[in-house]
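In the numbering used here, the protein residues as written are 44 to 116.
I have placed the structure first, in the form of structure tokens, so that the comments after it can refer back to it.
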Amino acid sequence: MAKRCQVTGSGPGYGKQVSHSHRRTSRRWEPNLQRRRYWVPSQRRWVTLRLSAKAIKTIDRKGIDAVLSGMEQ
44 MAKRCQVTGS
54 GPGYGKQVSH
64 SHRRTSRRWE
74 PNLQRRRYWV
84 PSQRRWVTLR
94 LSAKAIKTID
104 RKGIDAVLSG
114 MEQ
């Protein structure tokens, strides 16, 4: 499964790790993904989402119905 947020779409970032001797090696920054379960009153069911920490804060602020309606469009 891809490491991608289902709400914001944020994925890993790529770059170089630079050592003390300035030797560069490739690395990636993984998003902070969490698996959260939300009750959706309009659908009367639980929904499990794989979300970044930023998306969890967005859902806490706007509500799950507002976020899910934005995903369907």
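Just so it is clear, CB atoms sit at the ideal spot from N, CA and C, and this is done for glycine as well.
Asked                                                                                                                               : Found
Cα separation between Trp89 and Val110?                                                                                             : 15 Å
With a CB to CB cut of under 6 Å and the five nearest residues on each side skipped, what residues in its chain are close to Tyr57? : Arg71
For Arg88, report the span of its beta strand (DSSP E) as first-last.                                                               : 88-95
Just list the residues that DSSP pairs Arg71 with in beta bridges.                                                                  : Tyr57
On a Cα-Cα basis, can you pick out the residue from Val61, Ala45, Pro55, Ile102 that is closest to Val83?                           : Ile102
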